[in-house]
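The sequence shown begins at 1 in full-length UniProt numbering and counts up by one.
Where a beta carbon is used, it is the ideal one built from N, C-alpha and C, also for glycine.
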Amino acid sequence: MLDRTVAPPVQPLASVTLPAADVFSLPNGARLHVLCNAAQPVIRLQAVFKAGKWYDTASGVSLLTARMLLEGTRTRTARQIADEVAFYGASLECEQGFDRATLTLYCLARHLEKLLPLFLDVLTEATFPENEFNQLKTRTIQNVQVERQKTSYLAAERFSRNLYGATYPYGVVFNEKQFEQTTSEEVKAFYHATYQLSHAELFLCGDVSTYHEQLVRQTLGEGIVTEKPLEKLVSVAPASGPALDYVTVPSSIQASLRIGRLWPALDHPQTHQLQVLVKVLGGYFGSRLMKNIREDKGLTYGIYASTGPREHATSFAIGSDVNAKNADVAIKEVQHELRLLQEDLIPADELRTVKNYMAGKFANELSTVFEQCDKYKSIIFYDLPSTFYSDFLKEVDQVEASTLRELAQEYLSPSSMIEVIAGPTR
1 MLDRTVAPPV
11 QPLASVTLPA
21 ADVFSLPNGA
31 RLHVLCNAAQ
41 PVIRLQAVFK
51 AGKWYDTASG
61 VSLLTARMLL
71 EGTRTRTARQ
81 IADEVAFYGA
91 SLECEQGFDR
101 ATLTLYCLAR
111 HLEKLLPLFL
121 DVLTEATFPE
131 NEFNQLKTRT
141 IQNVQVERQK
151 TSYLAAERFS
161 RNLYGATYPY
171 GVVFNEKQFE
181 QTTSEEVKAF
191 YHATYQLSHA
201 ELFLCGDVST
211 YHEQLVRQTL
221 GEGIVTEKPL
231 EKLVSVAPAS
241 GPALDYVTVP
251 SSIQASLRIG
261 RLWPALDHPQ
271 THQLQVLVKV
281 LGGYFGSRLM
291 KNIREDKGLT
301 YGIYASTGPR
311 EHATSFAIGS
321 DVNAKNADVA
331 IKEVQHELRL
341 LQEDLIPADE
351 LRTVKNYMAG
361 KFANELSTVF
371 EQCDKYKSII
381 FYDLPSTFYS
391 DFLKEVDQVE
401 ASTLRELAQE
411 YLSPSSMIEV
421 IAGPTR
């Protein structure tokens, strides 16, 4: 009979190796990365450009470009694009991030040939119709106005500004007046300067045959080799602002907390050990912050600690929403947990639980070829060693409590943190 009082045994995870990608330099200068897995008859094709917020030439221009990409081309209206994608049961979307913009197509493998001309059309012939452009600007402003009624949004916005500095691309805050003045001509110029197919990183993964590979190479690899887009040179480094800041939201009964600092980049030699430290603190449901501030004190439904790697700077942040009257108590408890990690060794059973959790989560994140490709993309974009993820399990498993205490002493001092509270008038 099964004894439910005894947890099932945990088997150590063996080494994990990402599948190798085949990389091709196309005639027009683009690079094609191919990862094959025939488990399901589905393909994902992505074209990635240096066209994120980092490269903004006007307020919100990268966001507007990405969101307008599917609003029409020289040969197709927005409705025709949507109908064609729907007819083949596919998905096509463009996302803008802090560093890059990505056009993503999901489709059945047998439909890739039919959809590739549409993919190319959107990439090279977008027209940015004026009426849709103005509607998008209006909707975006309205959405931000709604979001800025939330303490969580305001705390995150102010935290980013204070962490990186108001003039650093990652710290620039949405300015409604400046955004309203951004023109469709500026968006078109940004599109032609940054969405250059000859400088794209193309990622093709899934049930990919030699025929599919040749289709992509022929469709997306031809054309003119353009000059390399100008790299954006930022004259200022990330510069943290006020250590303590309060954003007043008069009608709120809730307060949102953001506590953190700049953090070592992914190429730091102890990056995997630092991830273990963050997990112990607040990276999973059984973390110290959750046990203290949610389970013991009952101050919140949830609290987290995480890192945000980007290509030019990385952040560490602790975040939570609490009753406004408990904000100061919650911050003191956060500081208490930071000091404990600096002073005491993590008990062996707690450390083993975290290591097992991280190994299991990592294995789960590699369950599909699309997730494997996402890991591979990180290696490419962050210029990491090819063994970055294969080393992960070994370094996590071997890290000692004494090493984590040393890292906490270096990186988790309460005095090094920026604190932001968004809540009611004090």
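- Sequence-distant Cβ neighbours of residue 107 in its own chain, meaning closer than 7 Å and more than five residues away, are 43, 88, 90, 115.
- In the three-state scheme derived from DSSP, where H, G and I count as helix and E and B as strand, residue 16 is classed as coil.
- For the set 200, 295, 348, the Cα lying nearest the Cα of residue 101 is the one of 200.
- According to the DSSP secondary-structure assignment, residue 33 is paired through a beta bridge with 23, 203.
- Between the alpha carbons of residue 161 and residue 171 lies a distance of about 4 Å.
- The stretch 343-356 makes contact with the stretch 275-288; the number of CB pairs closer than 8 Å reaches 3 or more.
- Each residue's CA atom was taken as its position, placing residue 94 and residue 63 some 10 Å apart.
- Cβ neighbours of residue 217 within its own chain (closer than 8 Å, five residues either side excluded): 24, 26, 32.
- When secondary structure is reduced to three states using DSSP, residue 59 falls in the coil class, being assigned neither helix nor strand.
- With a 10 Å radius around the Cβ and a threshold of 16 neighbouring Cβ atoms, residue 253 comes out exposed.
- Distance from the Cα of residue 422 is smallest, within the candidate group 245, 110, 408, for 245.
- Residue 61 and residue 305 have their alpha carbons spaced roughly 31 Å apart.
- Here residue 177 is exposed. Its C-beta has fewer than 16 other C-beta atoms within 10 Å.
- Secondary structure note for residue 423: it is in no alpha helix (DSSP H), and the uninterrupted beta strand (DSSP E) holding it is 418-423.
- A residue is called buried when at least 16 other Cβ atoms come within 10 angstroms of its Cβ; residue 83 does not meet this threshold and is exposed.
- Rounded to whole angstroms, residue 192 and residue 139 show a C-alpha spacing of 24 Å.
- The three-state secondary structure of residue 285, taken from DSSP, is coil.
- Non-local beta-carbon contacts of residue 345 in its own chain, meaning distances under 7 Å to residues more than five positions away in sequence, involve 401, 402, 405 in chain order.
- Residues 371 of the same chain have their beta carbon placed closer than 6 Å to that of residue 365, with the five preceding and five following residues left out of the count.
- DSSP places residue 261 inside the beta strand (DSSP E), whose first and last residues are 254-263.
- Collapsing the DSSP output to three states places residue 346 in coil.
- Note on geometry: alpha-carbon atoms of residue 122 and residue 103 lie some 9 Å from one another.
- In this structure, the beta-carbon distance from residue 333 to residue 297 falls below 8 Å.
- According to the DSSP assignment, residue 245 belongs to the beta strand (DSSP E) that extends over 244-248.
- Runs of the alpha helix (DSSP H) lying entirely within the UniProt domain "Peptidase M16 N-terminal" (45-160) and spanning at least 4 residues, in chain order: 61-68, 78-87, 112-125, 130-147.
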